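Peer 1:
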Amino acid sequence: MCITVNTVYAKYRTYFIYLVLTTIVPLIIIIGFDLLTYRYLHVYSIQQRRRLLSVITRQMTTMTLFHIAPVIIFQAPFAISQCYFLTVGISKDPVRGAQEQIVQQFFNVLGYGIYATSFYCYYVASKRFRKQVFNVFSLNHQRRNRVRPS
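In the numbering used here, the protein residues as written are 22 to 171.
#1: Phenylalanine 95: which of Val46, Tyr136, Thr78 sits nearest, CA to CA?
#2: Helix, strand or coil: which one does DSSP assign to arginine 117?
#3: Between the beta-carbon of phenylalanine 87 and the beta-carbon of alanine 146, is there less than 8 Å?
#4: By Cβ distance, which residues of its chain are closer than 8 Å to tyrosine 59, with the 5 residues on each side in sequence left out?
#5: Report yes if the C-beta distance between isoleucine 52 and isoleucine 89 is below 8 Å; otherwise report no.
#6: For glycine 132, count neighbouring Cβ atoms within 10 angstroms of its own Cβ and tell me buried if that reaches 16, exposed if not.
#7: Given a cut-off of 8 Å, decide if phenylalanine 106 and glutamine 125 are closer than it, judged by their beta-carbon atoms.
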C-alpha cells in the first residue's frame, strides 16, 4: 500500500485530483456536451420543420439521451462517495476503516461504468450502429478472395 508522506500533496490529491479532476470535471463535460448536442439538434430540427427530421439527426438525439443516463447512474454516486471519503484523515476504529475501504472500492469500480457503457448505449440507440456491428462480426463467414496462379 502506498502512503503519501507530504501533507500538502495529500490534500492536493484528495481535494483536487480525486474530487475535481476525476468526478466534477468529467461530469460537467459529459453532461454539458450531451445537452449542447441535444439542444443544437433540437434547434436544427425546428428550423427544418418543413422537411422530415433526418435519420442521422434522430439517431444522434437518441444516442445523446441514452448517454446522459449512464452518466447520472455511474458518475453521480462516484462523485457523492468521493465527497464523503474526504473525511479519510479523521481517525476511526479499524472495523469502520475497513468497511469504508470496501465501500470506496465498490464506488471506484462503479465510476468506471461510464466508460464501459458507451458501446452499449450506442448499440441500443442506433440501428445503423447495430447493423455495422453485425456486419463486422459476421465477416468471418464470408468467402475470402484468393489469388490462384494460372
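Where a beta carbon is used, it is the ideal one built from N, C-alpha and C, also for glycine.
None of these values were measured; they are calculated from a predicted model.
Peer 2: Looking at the atomic coordinates:
#1: On the sequence shown, residue 95 is found 74 positions in, with the first residue counted as 1. When only C-alpha atoms are compared, the closest one is Tyr136.
#2: Taking the first residue of the sequence shown as 1, we reach residue 117 at position 96. Correct three-state label for arginine 117: helix.
#3: Counting from 1 along the sequence shown, the entry for residue 87 is found at position 66. Counting from 1 along the sequence shown, the entry for residue 146 is found at position 125. Yes; because the gap between Cβ atoms is below 8 Å, this pair is in contact.
#4: For the purposes of this step, residue 59 is identified with residue 38 of the sequence shown, where counting begins at 1. Excluding sequence neighbours, tyrosine 59 sits near Thr82, Thr85, Leu86.
#5: Residue mapping note: residue 52 aligns to position 31 of the sequence shown, counting from 1. Residue mapping note: residue 89 aligns to position 68 of the sequence shown, counting from 1. Result yes, Cβ atoms of isoleucine 52 and isoleucine 89 sit closer than 8 Å.
#6: As a working note, residue 132 is residue 111 in the sequence shown. Burial call: buried.
#7: On the sequence shown, position 104 is the one that residue 125 refers to. On the sequence shown, position 85 is the one that residue 106 refers to. The answer is yes: Cβ separation under 8 Å.
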